[in-house]
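Numbering-wise, the sequence shown is residues 73 to 382 according to our numbering.
A quick write-up on the structure given underneath.
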Amino acid sequence: MRTRILQPGDGVAEAVSLLAEGLPVALPTETVYGLAADALSPGACACVFEAKERPLSDPLIVHIPSLDWLSRIAAPSPLALALAERFWPGPLTLVLPRQALVPDIVTAGQDTVAIRMSAHPVFAEVLQAFGRPVAAPSANRFGRISPTCAAHVASELDGRIAMILDGGPCTHGIESTIVHVLPNRLQILRPGPITEDDLRAFAPAFHGPSGIAAPGGLKSHYAPRTKLVIERSPKPKGARNGLLSWSHTGEGFLQAEFLSCSGDLREAAANLYGAMRRLDEAGLDLIIAEALPEYGIGAAIMERLRKAAA
Ligand code: AMP
Ligand code: MG
């Protein structure tokens, strides 16, 4: 199969017609690029698992075109509705009791479903025109680094999907925050752009495993091929070491990638996966990642680095 990279405009109509045929297409979101397929078609969703080589035990996030789809897909509590009202469209995924309309392949057979509404204008335009929800995990092969631009998607899925809609680089650059909405508490399953402090304004929040064998929640994920370690004060250990820098000058390293020259954690998140990919492609024998401050979105960046190092 030839994979075409199309621009918004013509690309939107083409994406919608492929979705309607039950085929997956790669679309930009504000977090990372997603591989989208009709969420209500088990066959279309199966194509997503196949293209990504993703195990069927790892459930997909459902992206809805508008708020009125929320109660058709899930059973939102008042707390869930308040979160949706505040943070949607945006980088927050809610795990809620599912409705029967959702195919089992999407939820990995569980009685909960993960839902989000993207703020990306191109993604929103495709969903409006398609008029149905899509299931869209990150557009990378399973266990690899999430793509934050169309070229990354091509390097992961070229020849496996019909098209990539190029919406430019992703604003946030790391995956959505995932929250399991409990009766009066919020369980953070994956830290992300919506921070713990943002959530605490609504209910007490705590970190905890989802209790399902979802690889997004496993220790090792988001992995470069090159060995990666995290250090507070990075020092090269050999001639072919690379540095993923937060504040270090890069001196002594064969190659250095700087996450933010102004010490901005949001900018660092947006640059993280591109920088990891460039280091991974440089033929190094070790990548040393400098530890970042763990407040705000820094907590989510460090969680991704720990998974890359595991
Ligand atoms: P992604 O590859 O970014 O789409 O990540 C999807 C992740 O969302 C999965 O790997 C799970 O960790 C999480 N997820 C999706 N659905 C559920 C669910 N019903 N319950 C708990 N976690 C979920
Ligand atoms: Mg993923």
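Yeah, the Cβ is synthetic: ideal placement off N, Cα and C, and Gly gets one too.
These numbers were taken from a predicted model, which means no experiment stands behind them.
Going by Cα to Cα distance, which pick from the options is closest to residue i?
{"i": "Pro137", "options": "Glu362, Ala201, Ala211", "result": "Ala201"}
{"i": "Ala111", "options": "Gly264, Asn256, Ala208", "result": "Ala208"}
{"i": "Leu24", "options": "Pro263, Gly264, Asp352, Met235", "result": "The chain is shown from 73 up to 382; residue 24 falls before or after that span and cannot be answered."}
{"i": "Leu344", "options": "Thr243, Arg126, Pro163, Phe214", "result": "Thr243"}
{"i": "Leu168", "options": "Ala311, Arg216, Thr184, Asp176", "result": "Thr184"}
{"i": "Thr298", "options": "Gly264, Leu356, Ile246", "result": "Leu356"}
{"i": "Ser210", "options": "Val97, Leu91, Gly81", "result": "Val97"}
{"i": "Phe195", "options": "Pro175, Ile217, Ser227, Gly162", "result": "Gly162"}
{"i": "Gly346", "options": "Leu155, Ala277, Thr103", "result": "Thr103"}
{"i": "Thr101", "options": "Glu197, Leu139, Leu173", "result": "Glu197"}
{"i": "Arg376", "options": "Ala156, Gly203, Ala340, Ala172", "result": "Ala340"}
{"i": "Ala380", "options": "Arg232, Leu300, Ser190, His135", "result": "Leu300"}
{"i": "Leu166", "options": "Ile177, His224, Ser190", "result": "Ser190"}
{"i": "Gly310", "options": "Leu331, Gly324, Trp318", "result": "Gly324"}
{"i": "Ile217", "options": "Ile233, Asp238, Asp230, Glu247", "result": "Glu247"}
{"i": "Ser113", "options": "Leu331, Leu91, Asn313, Glu122", "result": "Leu91"}
{"i": "Cys333", "options": "Gln259, Ala342, Ser319", "result": "Ser319"}
{"i": "Gly245", "options": "Lys124, Pro80, Ser89, Tyr294", "result": "Tyr294"}
{"i": "Leu164", "options": "Glu228, Tyr105, Pro265", "result": "Pro265"}
{"i": "Ala186", "options": "Ile177, Pro80, Pro276", "result": "Ile177"}
{"i": "Glu268", "options": "Gly215, Gly203, Ala371, Arg232", "result": "Ala371"}
{"i": "Gly203", "options": "Val88, Met73, Ala277, Arg74", "result": "Val88"}
{"i": "Thr392", "options": "Ile145, Ala363, Leu151, Leu155", "result": "This structure cannot settle anything about residue 392, because the visible part of the chain is limited to 73 through 382."}
{"i": "Pro425", "options": "Ile233, Leu151, Asn313", "result": "Any question about residue 425 goes unanswered here, given that the chain covers just 73 to 382."}
{"i": "Pro233", "options": "Leu99, Leu139, Leu326", "result": "Before going further, note that residue 233 is Ile rather than Pro in the sequence given. It is Leu99."}
{"i": "Pro175", "options": "Arg144, Ile373, Met374", "result": "Arg144"}
Would the beta-carbon of residue i fall within 9 angstroms of that of residue j?
{"i": "Thr179", "j": "Arg170", "result": "yes"}
{"i": "Pro308", "j": "Leu316", "result": "no"}
{"i": "Ala361", "j": "Glu303", "result": "yes"}
{"i": "Pro205", "j": "Trp141", "result": "yes"}
{"i": "Arg349", "j": "Pro296", "result": "yes"}
{"i": "Ile369", "j": "Arg338", "result": "yes"}
{"i": "Ala281", "j": "Leu258", "result": "Sequence check: residue 281 is Pro here, not Ala. Contact flag unset, no."}
{"i": "Gly239", "j": "Pro80", "result": "yes"}
{"i": "Pro219", "j": "Tyr105", "result": "yes"}
{"i": "Leu237", "j": "Leu351", "result": "no"}
{"i": "His135", "j": "Leu199", "result": "yes"}
{"i": "Gly231", "j": "Thr75", "result": "yes"}
{"i": "Ala109", "j": "Leu229", "result": "no"}
{"i": "Leu331", "j": "Arg312", "result": "no"}
By the 10 Å Cβ neighbour count, where 16 or more other Cβ atoms means buried, how is residue i classified, buried or exposed?
{"i": "Pro306", "result": "buried"}
{"i": "Tyr448", "result": "The chain is shown from 73 up to 382; residue 448 falls before or after that span and cannot be answered."}
{"i": "Phe159", "result": "buried"}
{"i": "Glu353", "result": "exposed"}
{"i": "Ala226", "result": "buried"}
{"i": "Leu173", "result": "exposed"}
{"i": "Phe121", "result": "buried"}
{"i": "Thr321", "result": "exposed"}
{"i": "Arg126", "result": "buried"}
{"i": "Ala85", "result": "exposed"}
{"i": "Ala382", "result": "exposed"}
{"i": "Glu329", "result": "buried"}
{"i": "His192", "result": "buried"}
{"i": "His224", "result": "buried"}
{"i": "Gly335", "result": "exposed"}
{"i": "Gly181", "result": "exposed"}
{"i": "Arg146", "result": "For clarity, residue 146 is Ala in the given sequence; the question names Arg instead. Classification for Ala146: buried."}
If you measure from the beta carbon of residue i to each beta carbon in chain C, is any gap under 9 angstroms?
{"i": "Ser317", "result": "Among the protein chains of the structure shown there is no chain C, as only one such chain exists."}
Answer yes or no: the CB of residue i versus the heavy atoms of the ligand PLP, is any distance below 8 angstroms?
{"i": "Leu132", "result": "The ligand content of the structure shown is limited to the ligand AMP and the ligand MG, which means the ligand PLP is not among them."}
Validate contact between the stretch 120-137 and the stretch 268-279 using beta carbons, cut 8 angstroms, 3 pairs: Contact between the stretch 120-137 and the stretch 268-279 is absent, because fewer than three Cβ pairs lie under 8 angstroms.
Would the stretch 247-255 and the stretch 112-122 be scored as touching if the rule is three or more Cβ pairs under 8 angstroms? Short answer: they don't touch.
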